[in-house]
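Contents: one structure, followed by commentary.
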Amino acid sequence: MNSFFKRFQQDVRSIGFLGLGLFIALALMSYNPKDPSFNSTGQGLNTLNYCGILGSFLADLLYQAFGVTIWIGVAGLFHAAVESFRGEKIQFKDARHLLALALIAFTAALVTIYFPNTRMFNGQIYPGGLVGLGISMGFVKLLNTVGAQIVLWTMSLVLFVFYFEFSIQKAAERPLDRMIIWWNKLDKTSFMAGWQWPSLKDLKKEKAKESAKEKKADTKAKQPESSVAENLITQPKVKEKFIEDEDDEDDIDAESVNGMNAADADEDDEASIFDDEEESDTAEVQVSAYEPPARRKVIAPVKTPRRVENWSMPKLSLLDDPPVSRIKIDEKEIRRKADITLAKLKTFGVDGQIVAAKPGPVVTMFEFKPNMDVRVSDVSKLADDLSLALSAESLRIIAPIPGRDVVGIETSNAQRETVYLKDLLGDEKFWSEDIKLPIALGKQTNGDPRIVDLRKMPHLLIAGTTGSGKSVFTVSTLIGFLFRHSPKTLRLILVDPKQVDLAAFSDIPHLIMPPIREAKKAVFALRWAVKEMDKRYKSMSKFKTRNLEEFNAKMESLTADQVAEHEKVNAEYEAQGGLLKLEQYYYTPQPYIVIAVEEFGDLMAVDKQNVEQSVVRLAQMARACGMHLMLAMQSPRKDVVTGLIKTNIPARISFRVASKMDSRIILDEGGAERLLSQGDMLYSAGADKSTRHHGPFLKENEINTVAKFWADQGEPEFDALAMRALEGGPSQSSFAGMNGEGAEFAGADADEEYDEKYDEILSWAATQKAISASLIQRRFKLGYPRAARMIEVFEREGVVGPANGSKPRAVLVASHQG
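The opening residue of the sequence shown carries number 56 in the working numbering; numbering runs sequentially from there.
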């Protein structure tokens, strides 16, 4: 029953704040001096107050004490109700409530100073109440009237900002932003109506430009030959609209780039490149393109994640607001590049037409539709020639775009827009209940944000050279997890051989073990993760659930008596030790576990066989039990990204890599070697071709602020078995059959590899009176050296006795079935 009330205490608290606020508000609104109170007997028990005799006494007390400023307290109650409904946990012993009382008191003093001779309700109550009267008299006596006003105003505003978390700076920026948004919408409306809205600053100059442009268009329309860009601008049947806003200021502005025909002008000198609709086989194409917004407003999540008891969740205000500045899309530059691209392709005998241009925050994609007699390979092999012609820092050809009959030509913009993490975390999809472990990939080439779910991947390979943005992406992903999950729903294992990339997370309470900085210890951590996975599957099997979500839901529905029964069973296993300890299982909700590894190549260099074995086993099985891998590396060599690892981890991200071979290893296709640095990436979800994204950026102080937010709430509670694993497992303790220690990590010495058959052979051995290497060899179809090594491990751990000549060794432990 106790757990039942805990599930709804947040809702009860929210309704309580709302009800209390409404009660006090109605009592104050209907206050009448003639009603019974502490100062008047009134009409006996008869009262005009909406809230009865209790309301009349309460209203009189509050008005006498604070005057009209008590309404600030009522506003505070409604504010608390709203915050509580949104999931914010309101602590009754929070010091913020003292700020509210101080704000009311200082405001009451100000009201008293400004209305010293005023009395309310038939002269019975001061405007600021007795509290305001006392404080104002003290301040006036000490500072005089003017000084008292300055001090009281200052303190009141400071308290208002702190209590309501109201930013005066942001409030001052909003009117300007609204004017910009209004003007953009007016521009859009004017264009749709068929006329051009002039600039605010230079109306006459814009009109002169439009007039000159019309004359120039008339002149060029008479010429027999013209460039694609010129005809694109001058053709009367083609709309001149280039920039168009979306539905509101929170959406990304869009630009429409007119269809561009690359037909051979020599074949028909008299015909215009764009024919009339009745005569042309190619219809006019308009494709939305990206223009950065004046200021992307970070919205509050529609569904705030459930708050866990004793844990406060971070707010997006911990991250800095993105700058207001915007990068304009240069229409003329886009058209110039289209002309150059078509001319260069034509030089090599590749004819066709550009049907769309899509400017994005970092690159612009031209959609080129080749003629029927042109092979796709003829286009893709011209990447270097086009890059030279366009003087592009980066150029990539997608031949063809999946599901389309066009070839994508991506070329870098002269100016690139920075993608900020706060923009992506403000997207509604990031807070969707359907996405359990959201990763803010970044923005797509058209400027739309992209959010994916690590839970569905379910593991991720990341590659990128130094400066490509690989480490920043890993950190931003972890920051995103910290905004969605408390330590109760997510635990982390961080492997950071460089000791700097993930150092900011050293003290967060989500950690299962301290950040691992030695590759050898990382091997032990992965081995522990495999054991944890096995225990989770054993628990899920016992309760007949298929995945972690079903398991947690079932555990939350257990009654207190059922939980006590499971606790008793596990305690008996613990007390008896031996093989019984291996039968322990989970009976409470379990968190997701994310294992983030920086420099995965270092781990493979230290112990390739054991690392690959653990990673492959986790990749194959860990999805259903809520355990996920994120493996990052600088150089995706074949000896690092082995065939088994690639087969079991289909989701991959590649930032800029050193060579085409590296790109093929990580993505199974080329192109990553042509990416830009600083967050430019290709994402492959498996079967589909990779898509280009621009990863988010966040500052060092933002990382430290979020990490400190969690560290201030509590120190990490490291898992005892995981900590023992880092010390090398059973080499530091005896076998579980003797005293219950080290059972979870038996089967390998600190300097030996773990044998995956260990548990199976151990369970079988416990049912025998004596065993030998030959018996193990025949029973489990193993080689003799492996069976002999298993006997040595058993002897060291106390499972079997010492050698007795050629006789089998006596088994010293017993099965619980006996």
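Yeah, the Cβ is synthetic: ideal placement off N, Cα and C, and Gly gets one too.
Boundaries (first-last residue) of the alpha helix (DSSP H) holding residue i
i, result
"Gly-656", "655-676"
"Ile-395", "386-402"
"Lys-576", "574-597"
"His-621", "615-631"
"Val-848", "839-851"
Own chain, CB closer than 8 Å to residue i, minus 5 neighbours either side, in chain order
i, result
"Leu-673", "His-514, Leu-581, Ala-584, Val-585, Met-588, Ile-650, Met-682, Leu-684"
"Leu-476", "Leu-374, Ala-495, Ser-531, Ile-534, Gly-535, Pro-751, Phe-752, Leu-753, Glu-757"
"Leu-480", "Val-353, Leu-371, Leu-374, Ala-495, Gly-535, Phe-538"
"Glu-667", "Met-659, Thr-697, Leu-699, Ile-700"
Own chain, CB closer than 6 Å to residue i, minus 5 neighbours either side, in chain order
i, result
"Lys-292", "Because the pLDDT at Lys-292 is just 36, under 50, the model does not fix this residue reliably, and the point stays unresolved."
"Gly-522", "Ser-732"
"Asn-177", "Pro-88"
"Arg-505", "Leu-496, Gln-499, His-748"
"Ile-70", "none"
"Gly-110", "Ala-82, Asn-104"
"Met-210", "Phe-161"
"Ala-777", "Ile-567, Met-568, Trp-583"
"Phe-591", "In the sequence as displayed, the identity of residue 591 is Arg instead of Phe. The answer, listed in chain order, is Cys-680."
"Ala-577", "Val-550, Ile-571, Leu-658"
"Glu-638", "Tyr-628"
"Lys-862", "none"
"Leu-509", "Leu-492, Ile-494, His-683"
"Ser-594", "Tyr-640, Tyr-641"
First and last residue of the uninterrupted beta strand (DSSP E) at residue i
i, result
"Thr-746", "746-749"
"Gln-499", "493-499"
"Lys-89", "From DSSP, Lys-89 is part of no beta strand (DSSP E); its letter is neither H nor E."
"Asp-814", "First-last for Asp-814: 813-820, but that is the alpha helix (DSSP H), not the beta strand (DSSP E)."
"Ile-506", "504-508"
Cutoff 7 Å; reference residue i; Cβ partners in own chain excluding five residues on either side
i, result
"Ala-858", "Arg-864"
"Pro-644", "Asn-607, Met-610, Glu-611"
"Tyr-839", "Ala-828, Gln-832"
"Val-166", "Gly-122, Val-123, Thr-124, Pro-182, Gly-183, Gly-187"
"Asp-66", "none"
"Gly-856", "Arg-864, Ala-865, Leu-867"
"Met-192", "none"
"Phe-835", "Lys-812, Ile-816"
"Asn-759", "Ala-559"
"Ile-826", "Ala-820, Val-855, Pro-863, Arg-864, Val-866"
Option in the options with minimal Cα separation from residue i
i, options, result
"Ala-615", "Tyr-642, Lys-491, Ile-548", "Tyr-642"
"Phe-528", "Ile-548, Lys-754, Asp-385, Leu-445", "Lys-754"
"Gln-518", "Arg-833, Gly-734, Gly-838, Asp-375", "In the sequence as presented, Gln is not what sits at residue 518; that position holds Ala. Measuring from the Cα of Ala-518, the nearest candidate turns out to be Gly-734."
"Arg-540", "Ile-648, Asn-602, Val-578, Ser-435", "It is worth fixing the name first, because residue 540 is His in this sequence and not Arg. Answer by Cα proximity: Ile-648."
"Arg-68", "Phe-140, Gly-122, Phe-78, His-134", "Phe-140"
"Ala-135", "Leu-75, Pro-646, Arg-678, Leu-197", "Leu-75"
"Arg-546", "Phe-112, Leu-492, Val-624", "Leu-492"
"Leu-437", "Ile-452, Asp-774, Lys-413", "Ile-452"
"Ala-766", "Arg-707, Met-192, Ile-563, Val-866", "Ile-563"
"Gly-853", "Ala-821, Ala-677, Val-578", "Ala-821"
"Ala-155", "Ile-108, Arg-601, Val-216, Ile-205", "Val-216"
"Phe-72", "Glu-138, Val-195, Val-618", "Glu-138"
"Phe-579", "Gly-193, Gln-664, Glu-782, Glu-653", "Glu-782"
"Ser-92", "Gln-204, Phe-170, Gln-179", "Gln-179"
"Leu-214", "Met-175, Met-512, Thr-419, Gly-131", "Gly-131"
"Leu-207", "Glu-386, Ala-164, Tyr-169, Leu-77", "Ala-164"
C-beta neighbour in chain D for residue i, strict 7 Å
i, result
"Gly-76", "In the displayed structure, chain D is absent; only one protein chain is listed."
With a threshold of 8 Å, are at least 3 pairs of Cβ atoms found where one atom belongs to the segment 159-174 and the other to the segment 119-135?
yes
Per the contact definition of three or more C-beta pairs closer than 8 Å, is the segment 427-436 in contact with the segment 702-710?
no
Does the structure place the segment 72-83 close enough to the segment 111-121 that three or more beta carbon pairs sit under 8 Å?
yes
Do three or more CB pairs link the segment 568-582 to the segment 553-560 at distances below 8 Å?
yes
Entirely enclosed beta strand (DSSP E) segments - the segment 707-734, minimum 3 residues
707-709
Which runs of the alpha helix (DSSP H), 4 residues or longer, sit entirely within the segment 425-486?
431-435, 438-445, 476-480
Any alpha helix (DSSP H) of 4 or more consecutive residues that is wholly inside the segment 144-217
151-169
Is the number of C-beta pairs between the segment 736-747 and the segment 706-724 that are closer than 8 Å three or more?
yes
Using 8 Å as the threshold, is the segment 371-381 in touch with the segment 444-463, meaning 3 or more CB pairs across them?
Flag = no, the segment 371-381 and the segment 444-463 do not touch.
Three or more C-beta pairs below 8 Å linking the segment 684-699 and the segment 657-667
Here the segment 684-699 lies against the segment 657-667, with 3 or more beta-carbon pairs under 8 Å apart.
Length-filtered (3 minimum) beta strand (DSSP E) runs lying within the segment 519-555:
Listed in chain order, the beta strand (DSSP E) runs fully inside the segment 519-555 are 545-550, counting runs of at least 3 residues.
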